[in-house]
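Beneath this line is the structure, given in structure tokens, with notes to follow.
In this note's numbering, the protein residues as written are 64 to 477.
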């Protein structure tokens, strides 16, 4: 990692705060404080968590007239199997099956995943993922209607044997059903997300500390990744963009080297104990320009409006509209459309980008206990693409903030 840089925080109104130096190893500080990867985050969820999840899943299954729920884990979309089995998997494919009544099953590819699922203790019957074994095991329970989470991602090589072995069984998508159950986290899950959010805070500190002119984007991301891993993070989904007002969005890191005046934007999403949390922030190398300050003021206002709309009972649409209305009031409504941006936030937990998408027209109700990030990230002519966002836990009266990092535009001496 490069030598620490001195940084200045900049408020929306442009007031500079005193310069601060990075403390040594912020990630190790988190771990020493008990918020890192402790024994609590290493261990599988307790049996009470299993009972709670299965009860909620079966209630949703009953309402949807499903006799069985098959969770599929393709590639990196492993959250549904993890939720049902109480353990993560690493192979390319896996299944976990929950009947409306009876014991769950798991089907995994490889000894490591089999050992991991068995060690969690939620699923006693762990079988190899091979041939028509999945269909045969499900057929033994004689279901009439089967829901498959991530059915849309199931390859033909796995779907065709499933259909052939379940002739006469109606197979429907249960992706949304399972996603909505997972949206509302338990108190045990909230503790996991809070721990991941503490890593976000330390990760942002490491990000700002390593910024300097001449570094390539990939060097910045590598330095942050190293700090996150030292702090116990198991993974990190991270996007970055550097440059001026021509920047239209974030991407994986490239070879572009930072220069004075650049605004460096990032979406940093570490995973700890199986759960992700995300922070969205922007920093400037050198004094922020007039357009960059105006841009930050706009995005800070939009974020505050979005967070102000969050409470139990509102919809994702309500939160998106609160943010977009700020842009409209400033004559920048065009930049809230899909031409310039994707979402104004989303859920996260076992996956970094869970349902619901926070967009206008999305009528999913945010219930108490849901975890979402609110971020009005988009391009505007003021300073190009700008990112600013915080994750929260939805409460009856509003929300619980998960980050300690202040919402400011950071100036870094180049």
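Here a beta-carbon is modelled for each residue, glycine too, at the ideal position from N, C-alpha and C.
In the assembly as shown, residue 185 is a buried residue. Its beta-carbon has 16 or more other beta-carbons within 10 Å. If you check the CB distance, residue 382 and residue 342 do not come in under 7 Å. Residue pairing by DSSP puts residue 156 in a beta bridge opposite 137. As a beta-bridge residue in DSSP terms, residue 208 pairs with 233.
The C-beta of residue 114 has fewer than 16 other C-beta atoms within 10 Å across all chains shown, which makes the residue exposed.
Distances from the alpha-carbon of residue 451 to those of 463, 288, 469, 460 put 469 closest.
Residue 213 and residue 143 do touch by the CB rule: their CB atoms are close to 6 Å apart, below 8 Å.
Fewer than three pairs of CB atoms, one per stretch, sit closer than 8 Å, so the segment 434-444 makes no contact with the segment 273-287. When the Cα atoms are used, residue 377 and residue 430 turn out to be separated by approximately 8 Å.
Beta-bridge partners assigned by DSSP to residue 409: 436.
In this structure, the CA atom of residue 123 is about 7 Å from the CA atom of residue 240. Annotation: the continuous beta strand (DSSP E) that includes residue 342 extends over 342-348. By alpha-carbon distance to residue 232, the top candidate from 206, 224, 242 is 206.
Secondary structure of residue 403 (DSSP, three-state): coil. It is roughly 9 Å from the alpha-carbon of residue 428 to the alpha-carbon of residue 419. In this structure, residue 221 sits away from residue 358, with a CB-CB distance that is not shorter than 7 Å. For residue 453, the three-state secondary structure derived from DSSP is strand. Taking 8 Å as the upper bound for CB-CB distance, residue 351 and residue 372 are not in contact here, some 28 Å apart. Taking a contact to require three or more Cβ pairs closer than 8 Å, the segment 293-312 and the segment 321-332 qualify as touching. In this structure the segment 254-263 touches the segment 329-339; the number of beta carbon pairs closer than 8 Å is three or more.
If you draw a straight line from the Cα of residue 405 to the Cα of residue 459, it comes to about 28 Å. Shown here for residue 423: same chain residues with a beta carbon closer than 7 Å to its own, the five before and five after excluded, namely 380, 383, 384, 387 in chain order. Residue 256 places its beta carbon 7 Å or farther from that of residue 160. Residue pairing by DSSP places residue 447 opposite 443 in a beta bridge. Taking 3 residues as the shortest admissible run, the segment 296-352 contains the following complete beta strand (DSSP E) segments, listed from N- to C-terminal end: 298-306, 326-335, 342-348.
Inclusion of residue 145 and residue 138 in the CB contact set at 7 Å is not warranted, their separation being larger than that value.
In the structure shown, residue 162 falls within a strand segment according to DSSP collapsed to helix, strand and coil. Out of 126, 447, 434, 202, the CA that lies nearest to the CA of residue 355 is found in 447.
Spanning the alpha carbons of residue 249 and residue 471 requires a straight line of approximately 31 Å. In this structure residue 454 does not touch residue 393 by the C-beta definition: roughly 25 Å separates them, more than the 8 Å allowed.
Contact check for residue 318 against residue 284 fails: the beta carbons are separated by 7 Å or more. In this structure residue 208 is not in contact with residue 147, their Cβ atoms being roughly 18 Å apart against a cut-off of 8 Å.
Exclusion of the five residues before and after residue 462 leaves 370, 373, 374, 455, 456 as the residues of its chain whose Cβ lies within less than 8 Å of its Cβ.
It is roughly 20 Å from the alpha-carbon of residue 301 to the alpha-carbon of residue 403. As a beta-bridge residue in DSSP terms, residue 464 pairs with 455.
Between residue 149 and residue 107, the gap from beta carbon to beta carbon is short of 7 Å.
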